[in-house]
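Asks: Pasting in a structure now, in structure tokens, and then I'll have a few things to ask.
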Amino acid sequence: MSSAIVVSQDAESLGLQIYSRKEKSLGVLVSNFLRLYNRDDVDLIGLDDAAGQLGVERRRIYDVVNILESIGIVARRGKNQYSWKGFGEIPRSLNELKEHGMRERLGDSSTNNSDKVSNDGEREEPLSLTPDDQENSSSSKMDQKKEKSLWLLSQNFVKMFLCSDDDLITLDSAAKALLSDSQDSVHMRTKVRRLYDIANVFASMNLIEKTHIPVTRKPAYRWLGSKSIAEKGSSLFNSDEPKKRVFGTEITNLRAKRNKTDCSSIRKQIGYKKHDQENTEQESKPAASKYVFGPFSPTGASKTNNNNVGKGRLLEIEALASTYQPQYCNHEITGLLGHFTEAWKKWYAEVDRNK
DNA sequence: TTCTCCCGCCATGCG
DNA sequence: CGCATGGCGGGAGAA
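If you're matching positions, the first sequence starts at 13 in the numbering used here and goes up one per residue.
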């Protein structure tokens with residue numbers, strides 16, 4: 013027929029940036045975020061700094077930070093600033109959430125089915141983190157609108173796992189439950205969208221795992237929490253990383269952007285000049301720099317591309333990345349969270365003991 | 001097609 | 001007014 017323009021699979025080598033939705037996921041972002049700030053010498057986190065370091069828009073940092081805050085990993089310190097609390101805070105937060113969850117609607121003893129509805133019927137203020145805070149001003153009702161915040165939704169989502177007896181929860185059921193009532197509607201869809209975001213974040217941290225309802229085949233999530241990693245994670249050799257959808261290898265995310273409002277997406281003429289120019293995209297933000305992580309690679313695909321390094325910060329990042337990175341790592345299990353294992357095990361033990 | 005869920009518009013709150 | 005936050009849902013990738 014006509015001339016068929018074949019876009020070779022390695023268009024990337026031609027300098028084109030292939031848009032990949034996965035590499036832009038919140039899960040990957042969070043992984044990078046944690047890897048970047050999970051250090052003992054880290055205390056304050058600047059939103060602008062984070063956005064710059066991770067190469068994403070500010071808006072995304074808000075998402076990440078809000079979700080992480082719901083678990084106590086970070087805490088808002090002030091304008092443009094959050095403080096790193098660390099994984100050590102997770103057990104505390106979880107216990108607190110569990111208590112509150114149990115307290116506020118013990119429902120469920122009979123009629124245990126796929127979807128149960130356990131929601132807080134109290135109109136009281138959300139939750140008061142920071143158990144003991146000295147000069148804590150009286151809890152004002154200035155947070156009435158927080159009812160729809162990602163932070164709260166995230167906490168409630170976690171509560172479902174901690175307080176429910178069945179460990180498989182679908183986002184639909186979660187949305188339904190956390191929505192007080194009312195069945196389907198536009199609200200449901202929106203809620204589910206948010207739950208997808210949250211679920212991805214927690215899944216990337218191995219707090220939960222995506223699976224399927226036995227027979228129905230419906231996607232659902234299972235709480236991993238205390239076990240799983242604590243057991244299997246003890247020996248990294250015995251890999252079994254669920255092969256999440258986390259396979260980003262760069263902390264800086266400066267991949268091409270999704271085409272906005274279509275039109276004007278005239279495919280660039282593919283010049284036949286074999287020039288490996290690096291990033292040429294990014295319209296408004298020059299992005300801090302570009303660096304690549306070495307250790308692991310997605311799934312067999314070798315992405316070894318370490319030639320030009322923009323900043324010297326690469327070394328810094330790489331150093332931190334390999335802080336806990338064992339030498340023998342090479343399976344995909346290592347994943348992005350390899351160095352979290354230690355921290356995880358620590359609090360897993362604590363939780364276990366507490367139980 | 002349906003399921004996921006990223007992107008960024010724009011409402012809201014605070015100097 | 002500008003700036004910081006962060007709902008919200010359109011609609012483009014992924015199965």
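Glycine included, C-beta positions come from ideal geometry on N, C-alpha and C.
Bridge partners for P226 per DSSP, in chain order?
Replies: DSSP output for P226 lists no bridge partner at all.
Asks: Where do the ends of the beta strand (DSSP E) carrying Q368 lie?
Replies: Outside the shown range of the chain (13 to 367) lies residue 368, about which nothing can therefore be said.
Asks: The beta strand (DSSP E) with I57 in it runs from where to where?
Replies: Residues L56 to G58.
Asks: From the DSSP output, in three-state form, read off V213 for me.
Replies: DSSP places V213 in helix when its eight states are reduced to three.
Asks: Alpha carbon to alpha carbon, how far is R47 from K285? Give it in angstroms, no decimals.
Replies: Low local confidence applies: a pLDDT of 36 at K285 is under 50, so the model's placement there is unreliable, with the coordinate-based value given in what follows. K285 and R47: Cα-Cα distance of roughly 37 Å.
Asks: Which residues in the same chain have their Cβ closer than 7 Å to the Cβ of L174, if we skip the five residues on either side of it in sequence?
Replies: L106, L109, K110 and G113.
Asks: Span of the alpha helix (DSSP H) holding A189?
Replies: From DSSP, the alpha helix (DSSP H) with A189 extends over L183 to A189.
Asks: Just to confirm the assignment, what range does the beta strand (DSSP E) spanning G90 have?
Replies: Run containing G90: V86 to G90, per the beta strand (DSSP E) assignment.
Asks: Starting from the C-beta of L59, find all residues in its chain whose C-beta is less than 8 Å away, skip the five residues before and the five after it, and write them out in chain order.
Replies: Result list for L59: R70, I73, Y74, V77, N92, Q93 and Y94, in chain order.
Asks: Output the boundary residues of the beta strand (DSSP E) element that contains R234.
Replies: Looking at the DSSP string, the run of the beta strand (DSSP E) that includes R234 is P231 to W235.
Asks: Could you tell me if S32 is buried or exposed, where buried requires 16 or more neighbouring beta carbons within 10 angstroms of its beta carbon?
Replies: S32 comes out exposed.
Asks: What three-state label does DSSP hand I79 in the structure shown?
Replies: The answer is helix: DSSP assigns I79 an H, G or I state.
Asks: For V227, count the other beta carbons within 10 Å of its own beta carbon; 16 or more makes it buried, fewer makes it exposed. Which is it?
Replies: Per the 10 Å Cβ criterion, exposed.
Asks: What did DSSP end up calling E221 once you bin it into helix, strand or coil?
Replies: E221 falls in the strand class under three-state DSSP.
Asks: Span of the alpha helix (DSSP H) holding L109?
Replies: Taken as a continuous stretch (DSSP letters only), the alpha helix (DSSP H) holding L109 covers E101 to R115.
Asks: Could you check where the alpha helix (DSSP H) with L266 kicks off and where it finishes?
Replies: Taken as a continuous stretch (DSSP letters only), L266 belongs to no alpha helix (DSSP H), as it is neither H nor E.
Asks: Tell me L180's beta-bridge partners as DSSP assigns them.
Replies: Beta-bridge pairing links L180 to R234.
Asks: So, I225 versus A215, is the Cβ gap smaller than 7 Å?
Replies: No.
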